[in-house]
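What follows is a single structure, written as structure tokens, with notes after it.
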Amino acid sequence: MLSRRIARASPFRLGAASRLPIVQHRTFMPEQMVSRKILEEKYPDSDYPKLTDAEDPEMNGGYVNPPRIKRQFRDPHADWWDKQERRNFGEPVHEDHDILGMFSPYEYTWVSPGKGALQFGAFVLTFLGVCYMVKLSYPDRASYPREFEGGLEKELGGKGAIRARMEGDPDP
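This note's numbering puts the first residue of the sequence shown at 107, with every later residue one more than the last.
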């Protein structure tokens with residue numbers, strides 16, 4: 107019964123009946139919000155500075171970027187207005203603030219790459235040295251392999267089966 111209802115309510119049959127008129131199908135926004143003419147009257151481009159490439163080499167509308175320094179490297183004990191972000195009130199923010207801010211990934215500067223490679227090599231050398239020392243001092247087998255009467259020939263499947271060790275077999 108349910109499958110018949112689903113078959114009857116196909117999306118092709120419902121789509122034709124519930125379509126909107128063309129005007130409403132385009133947008134539900136009022137005309138004063140989407141009309142290009144009304145938007146040009148409300149927000150003229152004359153307020154935006156027209157700068158040449160020489161005047162604005164970064165093409166950011168004349169915004170003066172502060173130096174590209176991560177906030178992590180600023181003095182943590184200075185008297186900042188925003189102590190967590192290490193920033194003063196009204197200070198311009200770099201346009202790459204998401205990369206340079208305090209909440210960006212922390213830059214690890216304690217160990218240089220050469221010293222890190224040396225430490226990693228020392229670790230590998232120590233680990234392999236310990237493995238070699240264990241290999242040298244590791245005892246032989248503590249027990250001797252068991253021997254079974256008749257090699258368990260019958261128990262392991264009869265004639266032609268691989269049998270277990272029995273008396274008289276050579277030492278492993």
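Backbone N, C-alpha and C fix where the C-beta goes; we use that ideal spot for every residue, glycine too.
Original post:
How many Å lie between His-203 and Pro-211 at the Cα?
Top reply: 12 Å
**OP:** Flag this pair as yes or no: are the beta carbons of Pro-198 and Pro-172 separated by less than 7 Å?
**Re:** yes
**OP:** Could you check how far apart the C-beta atoms of Gly-257 and Arg-247 are, in whole angstroms? I think they sit under 8 Å.
**Re:** About 21 Å separates the two Cβ atoms, so there is no contact after all.
Subject >> Own chain, CB closer than 8 Å to Gly-138, minus 5 neighbours either side, in chain order >> reply: Correcting the residue type first, residue 138 is Gln in the shown sequence and not Gly. For Gln-138, where only same-chain residues beyond five positions count, the Cβ hits under 8 Å are Ile-144.
Original post:
Between the region 183-194 and the region 157-165, do at least 3 Cβ pairs fall closer than 8 Å?
Top reply: no
**OP:** Determine the DSSP secondary structure at Arg-177, reduced to helix, strand or coil.
**Re:** helix
Original post:
Buried or exposed: where does Lys-177 fall if 16 or more other Cβ atoms within 10 Å of its Cβ makes it buried?
Top reply: Checking the sequence, you will find Arg at residue 177 rather than Lys. Buried.
Original post:
Beta-carbon separation of Gly-168 and Pro-155 under 7 Å?
Top reply: yes
Original post:
In three-state terms, what does DSSP make of Arg-193?
Top reply: strand
**OP:** Compare the Cα-Cα distances from Leu-206 to each of Phe-179, Ala-223, Gly-196 and Gly-274 and report the closest residue.
**Re:** Phe-179
**OP:** Taking only the alpha-carbon atoms, compute the straight-line gap between Lys-265 and Glu-255 and give it to the nearest angstrom.
**Re:** 15 Å
Subject >> Whether Glu-273 touches Glu-253 by CB criterion (7 Å) >> reply: yes
Subject >> Euclidean distance between Cα positions of Trp-187 and Thr-215 >> reply: 26 Å
**OP:** With DSSP as the reference, please indicate the residues paired to Asp-188 in a beta bridge.
**Re:** Arg-193
**OP:** Below 8 Å CB to CB, which residues in the same chain sit around Val-236 once its five sequence neighbours on both sides are set aside?
**Re:** none
Original post:
Just how far apart, CA to CA, sit Ile-90 and Glu-261?
Top reply: Residue 90 lies beyond the stretch modelled for the chain, which goes from 107 to 278, so this question has no answer here.
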